[in-house]
Structures are given as structure tokens and as C-alpha cells.
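Numbers 1 to 98, taken from the UniProt record's numbering, label the letters of the sequence shown in order.
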Amino acid sequence: MRVIDLLALFADQNKKTLVQLRADGVQTNLDKIATAEINDERQAILVPKTSGHPLHLWELAVLLDKPELRTRYLYVQEKAGKRPLFGFQQVANVLVIN
Numbered sequence: 001m002r003v004i005d006l007l008a009l010f011a012d013q014n015k016k017t018l019v020q021l022r023a024d025g026v027q028t029n030l031d032k033i034a035t036a037e038i039n040d041e042r043q044a045i046l047v048p049k050t051s052g053h054p055l056h057l058w059e060l061a062v063l064l065d066k067p068e069l070r071t072r073y074l075y076v077q078e079k080a081g082k083r084p085l086f087g088f089q090q091v092a093n094v095l096v097i098n
């Protein structure tokens, strides 16, 4: 899934909803967005952190909605490497990107 696809999925959601990632089977918060190019594939890698607080949907949308990120494919960083992202689920009033 590309960044622009995730942003389109977010359009119908409440902008104040909290957002977390599922990394290594656990809900975590977003630390940063890293970028990479592997075999001509432009990637945006969501890097999790265990501490801190979750972002609101509008905050994540602002971070992702940049021209240089929109066409990149989304991945989440896990201990074993990167895993592609395919969407999100609503779990107990939190959108969990997985």
C-alpha cells in the first residue's frame, strides 16, 4: 500500500482518533518515518517506539502528506526486518495500522 492509499482510507475517520502501529504482534506508537530505496522501490518505513503517547489521526496525516512521501510504499520496521502495511483496524477506539 502506498502512503496516498492510506491517506485516502483515513478520509472517513474521525481526525481526533488515536493511531498506533502493530509491530511484532504488539500495538506500539510511532517514533519516526524513515525512507529508503530498495531495488527502485521507494519506501516509507514507520519505525515504532514502546514509550510515549500515540498520535492523533490528523497528526499522522500531516506527517505523511508530503509530496516526497505520497507515492512511497508503506512498511513497518520489526525486529526481523521490514513488513509491508496493508491497512488498519479499529481496536478499542484506536486505529491500529497493520
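Ideal Cβ placement from N, Cα and C applies to all residues, glycine included.
From a predicted model like this one, the values you see are computed outputs, not experimental measurements.
Shown here, PHE86 sits in coil according to DSSP, grouped into three states, outside any helix or strand. Going by C-alpha positions, TRP58 is about 5 Å away from LYS15. Here THR28 is bridged, per DSSP, to LEU21.
ALA8 sits exposed, since fewer than 16 C-beta atoms from the chains shown fall within 10 Å of its C-beta. DSSP places GLU37 within a strand segment (E or B) once states are collapsed to three. PRO67 counts as exposed, since fewer than 16 other beta carbons sit within 10 angstroms of its beta carbon.
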